[in-house]
Amino acid sequence: MTIYTKSAIETEAAGKALAKKLEEKGIKRAFIAMRGEMGVGKTAFTRGFASHFGISGVKSPTYTIVNEHVGRAKLYHFDMYRITDGDDLYSIGYDDYVEAEGYCIAEWSENIEKEIPEGAIFVTISRVDGRTEERRIDIDENSCI
């Protein structure tokens, strides 16, 4: 599935639509692997996803690696930008998060390719034109949705 957005608000709406789709299908646990360059809207997408479950205050977890949020569902928001190896990843309890009920959203998932769980939903966000706010959001349809 491909979605085009023209603003951060529309990118948030795309994230909210994915959350709604998962909830409607009864999927209470998923790993969402976010891909895209810096500043492209990964956190905006996550903020929209979280808003569907009544979660606010989502911001980039850059310096904490993972932020936990609770609303009508649990959300574990990861920033893998500074992860350099499996030891770094597992020292934060990564496997416990992945196995817990709730949604894991990992920004910079490119850095943990070998550790992404089977059945993950891959979301790639890219700029359509470097001079605009327009984004292309590709959601892997071969995943659990």
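Under this note's numbering, the sequence shown has -1 at position 14, and the numbering climbs by one with no breaks. Ideal Cβ positions, reconstructed from N, Cα and C, are used throughout, including at glycine.
Bridge partners - residue i, DSSP secondary structure assignment
i   : result
H54 : L60
Closest residue to residue i among the options (Cα-Cα distance)
i   : options            : result
K59 : S45, K5 and R14    : R14
A18 : E95, R121 and R112 : E95
Which of helix, strand or coil DSSP assigns to residue i
i      : result
Y(-11) : strand
D123   : strand
E72    : Per the sequence shown, the amino acid found at residue 72 is Asp instead of Glu. Three-state result, D72: helix.
Y66    : coil
CB of residue i within 8 Å of CB of residue j, strictly
i    : j     : result
F34  : K(-9) : no
R53  : F30   : Sequence check: residue 53 is Glu here, not Arg. No, they are not a contact pair.
Y66  : C89   : no
I77  : I110  : no
I122 : A(-1) : yes
### Task
Only counting runs of 4 or more residues, tell me where the alpha helix (DSSP H) segments fall wholly within the segment 84 to 114, in order along the chain.
none
### Task
Could you tell me which uninterrupted alpha helix (DSSP H) segments, each at least 4 residues in length, are contained entirely in the segment -8 to 37, listed from first to last along the chain?
-7 to 9 and 27 to 37
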